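Participant: This is the structure I have questions about; it appears just below.
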Amino acid sequence: MTTNIDEQGTGHLGRPVSGPSGRRARTPHEPVLPERGRRAVTEALAAWSGALATPLRTVSGHRRRTTVERLRRSTVWMLITGPLLVWLGVLASFAEGGRAAPPLVVLPGLLGLALFSVLLTRMVRAAVAGTPARREMTASGAIALALLMTQDGYLWSWGLVAPAWASGAALLLSRTGAVTASVGAVGVALLLGGAEADSGSALARPLLSAYGHQAPAAIGIYLGAGLLLPLANRFQLWFWQVVKAAEEGKEARARLAVTEERLRFSRDLHDLVGHSLSAIAVKSEVAVKLSRADTRRATAEMEEVRALAREALKEIRAAVRGYRTVDLDAELRSMVAVLEAGGVRCVLVTPPEPLTEELGALLAWLVREGTTNVLRHSSATRCRIAIGLRDDAAVLEMTNDGATGRTGGGGTGLLGLSERVAATGGVLTAGAAGPGEFRMRATIPLEGVR
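Just so you know, we're using the working numbering here: the sequence shown kicks off at 203 and counts up by one.
So this is what it looks like as structure tokens:
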């Protein structure tokens, strides 16, 4: 009987070629198994070959696995060694030609061992995935107990099902539960595991008389293996969980960085587009008013609209690339020109001391948003923009008249600016400064932007 691997890597038993009569041809030495037995063995081996797909399947076009995926597969391989040891022990006892057992006892035992291996594989998968598998644990424990009671052999053959079950159950239980399961499974194996006795039942005789003829060293090794194998599996699972948590932490940090960058870009884009569209709208309104009275000046205003649109497009592209720098002096001149074009008389006060590039960029954003609010949310006729340095802090004040009920204080513009100022340790306030007046004041510590 041969095992084939299909294109997807899932194994299946190759079926012998049918004979001329249509019946399946059987070799002279092929054991006769019931149809249910063949189907159970086929399903068991198919599940095992799927769970333990070898990395030799590296054909052209196969997706390259990540380090975490390879570690997960290696973890499954290491945690599944319990059933493999049982099969090796049972096959080794058959090869040594030990005490013969009736076929009606051996064949159900092998089928039970196949089902036990499938259940234990599902337990390992559930433990690695972090999901419960109590039904599989209970069913595999019942099968292990049945095998210990019905199959005759040494501790190192059928008796290995006890530590194999404990190694899988320890992955799904607490620390106390794992210790209890390991000690209980080894104790039951010592009582029920087929000692090489001449007659009688191992359960009916005292423990020392049942195993007195075996070497104490062999029993000690069995005890050590039965207790250390679950401990080693728990350590391997813990190591996998630590690596998985670290990988999830890296992904969470990456998502957080992307989210912060999106917020920053949304604020920048709002400031850019809001100011540019406000300026274009004001210039267009002036051009419409002058289109009949002074066509030459209306044409000049539309030229400025076109220039503003091109400049806005350039700034948006630069902001997308992340290379945009803001010149405070140029921005102040531009804002004054926009305000005066909209019929707002503007007064500008700047400090004589030069400002740092970071501070100038932040003040430029503030002036832009303040100008946008004046044009959108007021019918102002005058505006005062004052920048000063006081007590190791830069203070910006923008005051305008003609304030209406909609000051823009609840919009995303001032909210974004508040976040910018707060990031430097400063404070931004905006609200009524008197009858019909609106004031935006920002205090920025110089240490916060150096």
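Every residue gets a Cβ at the ideal spot worked out from N, C-alpha and C, and that includes glycine.
Computed from a prediction, not measured in an experiment: that's the story for all the values here.
May I ask you to list the residues that DSSP assigns as paired with Leu-431?
Facilitator: Counting from one through the sequence shown, the residue named residue 431 turns up at place 229. Note: Leu-431 sits in no beta bridge, so no partner.
Participant: Let me check understanding here. Comparing Cα to Cα, which of Glu-599, Val-651, Gly-638 lies closest to Thr-631?
Facilitator: Looking up residue 631 in the sequence shown gives position 429. Here the closest residue by C-alpha is Glu-599.
Participant: Taking 8 Å as the threshold (C-beta atoms), are Val-278 and Arg-327 in contact?
Facilitator: In the sequence shown, counting from the first residue as 1, residue 327 sits at position 125. In the sequence shown, counting from the first residue as 1, residue 278 sits at position 76. Yes, the Cβ-Cβ distance between Arg-327 and Val-278 is below 8 Å.
Participant: Should the stretch 570–586 be called in touch with the stretch 467–476, which here means at least 3 C-beta pairs below 8 Å?
Facilitator: In the pairwise beta carbon analysis, the stretch 570–586 is classified as touching the stretch 467–476: at least three pairs are separated by under 8 Å.
Participant: Just checking my contact of Ala-596 with Ile-646 at CB under 8 Å: how many whole Å lie between their CB atoms?
Facilitator: Position 394 of the sequence shown holds residue 596. Position 444 of the sequence shown holds residue 646. With a Cβ gap of about 5 Å, Ala-596 and Ile-646 count as contacting.
Participant: Looking at the structure shown, is Val-385 part of a helix, part of a strand, or coil, going by DSSP?
Facilitator: For the purposes of this step, residue 385 is taken as the residue at position 183 of the sequence shown. In this structure, Val-385 counts as helix in the three-state DSSP scheme.
Participant: Check whether the Cβ atoms of Gly-314 and Pro-365 sit closer than 8 Å, and answer yes or no.
Facilitator: Translated into the one-based positions of the sequence shown, residue 314 becomes position 112. Translated into the one-based positions of the sequence shown, residue 365 becomes position 163. Contact flag unset, no.
Participant: Using alpha carbons as the reference points, say which of Gly-361, Glu-542, Leu-431 lies closest to Leu-373.
Facilitator: In the sequence shown, the residue the question calls residue 373 occupies position 171. Out of Gly-361, Glu-542, Leu-431, Leu-431 has the C-alpha closest to the C-alpha of Leu-373.
Participant: Touching or not, the stretch 618–635 and the stretch 559–567, by the rule of three or more beta carbon pairs under 8 Å?
Facilitator: yes
Participant: For Arg-622, count neighbouring Cβ atoms within 10 angstroms of its own Cβ and tell me buried if that reaches 16, exposed if not.
Facilitator: What you label residue 622 is simply residue 420 of the sequence shown in a count that begins at 1. The residue is buried, with at least 16 neighbouring Cβ atoms inside 10 Å.
Participant: If we call anything under 8 Å between Cβ atoms a contact, is Val-363 one with Val-288?
Facilitator: Mapped onto the sequence shown, residue 363 falls at position 161. Mapped onto the sequence shown, residue 288 falls at position 86. Val-363 places its beta carbon less than 8 Å from that of Val-288.
Participant: Can you tell me whether Asp-531 is buried or exposed? The criterion is at least 16 other CB atoms within 10 Å of its CB, across all chains shown.
Facilitator: Counting from one through the sequence shown, the residue named residue 531 turns up at place 329. When all chains shown are included, Asp-531 counts as exposed.
Participant: Please classify Asp-603 as buried or exposed, where buried requires at least 16 other C-beta atoms within 10 Å of its C-beta.
Facilitator: Working through the sequence shown from its first residue, we reach residue 603 at position 401. With 16 or more other Cβ atoms inside 10 Å of its own Cβ, Asp-603 counts as buried.
Participant: Tell me, please, whether the stretch 574–590 touches the stretch 548–559 by the rule of three or more beta-carbon pairs shorter than 8 Å.
Facilitator: In the pairwise beta carbon analysis, the stretch 574–590 is classified as touching the stretch 548–559: at least three pairs are separated by under 8 Å.
Participant: Residue range of the alpha helix (DSSP H) that Pro-647 falls in?
Facilitator: Walking along the sequence shown from the start, residue 647 turns up at place 445. The continuous stretches of alpha helix (DSSP H) do not include Pro-647, which lies in the beta strand (DSSP E) extending over residues 639–647.
Participant: Measure the C-alpha to C-alpha separation of Pro-304 and Ala-346 and round it to an integer number of angstroms.
Facilitator: As a first step, residue 304 must be located in the sequence shown, where it is residue number 102. As a first step, residue 346 must be located in the sequence shown, where it is residue number 144. The alpha-carbon atoms of Pro-304 and Ala-346 are separated by roughly 19 Å.
Participant: Whole angstroms is fine: what's the gap from Glu-560's alpha carbon to Ala-481's?
Facilitator: Counted from its first residue, the sequence shown places residue 560 at position 358. Counted from its first residue, the sequence shown places residue 481 at position 279. Going by the C-alpha atoms only, they are around 25 Å apart.
Participant: Kindly indicate which three-state DSSP category Ile-589 falls into: helix, strand or coil?
Facilitator: Numbered from 1 along the sequence shown, position 387 holds the residue referred to as residue 589. Correct three-state label for Ile-589: strand.
Participant: Which runs of the beta strand (DSSP E) at least 3 residues long sit entirely within the stretch 479–510? Give them in chain order.
Facilitator: none
Participant: What is the DSSP secondary structure of Gly-633, reduced to helix, strand or coil?
Facilitator: For the purposes of this step, residue 633 is identified with residue 431 of the sequence shown, where counting begins at 1. Note: Gly-633 maps to strand in three-state DSSP.
Participant: Which same chain residues, not among the five before or five after Leu-510, have their C-beta less than 7 Å away from its C-beta?
Facilitator: As a first step, residue 510 is located in the sequence shown; it is residue number 308 there, counting from the start. Contacts found: Ser-478, Ala-481, Ile-482, Lys-485.
Participant: Would you give the residue range spanned by the beta strand (DSSP E) that Leu-598 belongs to?
Facilitator: The count along the sequence shown starts at 1 and reaches residue 598 at position 396. From DSSP, the beta strand (DSSP E) with Leu-598 extends over 595–602.
Participant: Keeping to the same chain, check which residues put their C-beta closer than 6 Å to that of Trp-358; ignore five residues upstream and five downstream.
Facilitator: Residue mapping note: residue 358 aligns to position 156 of the sequence shown, counting from 1. In chain order, Gly-291 place their CB closer than 6 Å to the CB of Trp-358, counting only its own chain and leaving out the 5 sequence neighbours on each side.
Participant: By Cβ distance below 6 Å, which residues in the same chain neighbour Met-537 in space, the five residues on each side in sequence not counted?
Facilitator: Your numbering for residue 537 matches position 335 in the sequence shown. The answer, listed in chain order, is Val-569, Thr-573.
Participant: In its own chain, which residues sit with a C-beta less than 6 Å from the C-beta of Thr-609, not counting the 5 before and 5 after it?
Facilitator: In the sequence shown, the residue the question calls residue 609 occupies position 407. For Thr-609, the pLDDT reaches just 48, beneath the cut-off of 50, and the residue's location in the model is therefore unreliable, although a value from the coordinates is still provided. Same-chain partners within the cutoff: His-579, Phe-640.
Participant: Specify the secondary structure class of Ala-335 as computed by DSSP and reduced to three states.
Facilitator: For the purposes of this step, residue 335 is identified with residue 133 of the sequence shown, where counting begins at 1. Ala-335 falls in the coil class under three-state DSSP.
Participant: Which of the three DSSP states is assigned to Ala-605 in this structure?
Facilitator: For the purposes of this step, residue 605 is taken as residue 403 along the sequence shown, with counting starting at 1. Ala-605 falls in the strand class under three-state DSSP.
Participant: Hey, Glu-503 and Ala-489 are a contact pair by Cβ (cut 8 Å); roughly how many whole angstroms apart?
Facilitator: Along the sequence shown, read from residue 1 onward, the residue named residue 503 stands at position 301. Along the sequence shown, read from residue 1 onward, the residue named residue 489 stands at position 287. Between Ala-489 and Glu-503 the Cβ distance is about 4 Å, and since that is below 8 Å, they are a contact.
Participant: What's the C-alpha gap between Thr-601 and Asp-529?
Facilitator: Position 399 of the sequence shown, counted from the first residue, corresponds to residue 601. Position 327 of the sequence shown, counted from the first residue, corresponds to residue 529. Near 22 Å, if we compare the C-alpha coordinates of Asp-529 and Thr-601.
Participant: Check the DSSP bridge columns for Val-475 and list the partner residues they point to.
Facilitator: As a working note, residue 475 is residue 273 in the sequence shown. According to DSSP, Val-475 bridges with nothing at all.
Participant: Along the beta strand (DSSP E) that carries Leu-550, what are the first and last residues, could you check?
Facilitator: The residue given as residue 550 occupies position 348 in the sequence shown. Leu-550 -> beta strand (DSSP E) spans 547–551.
Participant: Tell me the rounded alpha-carbon separation between Arg-274 and Val-330.
Facilitator: Your numbering for residue 274 matches position 72 in the sequence shown. Your numbering for residue 330 matches position 128 in the sequence shown. Going from the Cα of Arg-274 to the Cα of Val-330 covers about 8 Å.
Participant: Report buried or exposed for Trp-440, applying the criterion of at least 16 other Cβ atoms within 10 angstroms of its Cβ.
Facilitator: The sequence position of residue 440 within the sequence shown is 238, counting from 1. Burial state of Trp-440 is exposed, judged by a 10 Å Cβ sphere holding fewer than 16 other Cβ atoms.
Participant: Starting from Trp-289, follow the alpha helix (DSSP H) in both directions and report where the run begins and ends.
Facilitator: Locating residue 289 in the sequence shown gives position 87, counting from the first residue. Note, Trp-289: alpha helix (DSSP H), 283–297.
Participant: Given a cut-off of 8 Å on the beta-carbon distance, is the pair Gly-343 and Trp-367 in contact?
Facilitator: Counting from 1 along the sequence shown, the entry for residue 343 is found at position 141. Counting from 1 along the sequence shown, the entry for residue 367 is found at position 165. Result yes, Cβ atoms of Gly-343 and Trp-367 sit closer than 8 Å.
Participant: Name the DSSP bridge partner or partners of Arg-584?
Facilitator: Residue 584 sits at position 382 when you count from the first residue of the sequence shown. Looking at the DSSP assignment, Arg-584 forms a beta bridge with Arg-547.
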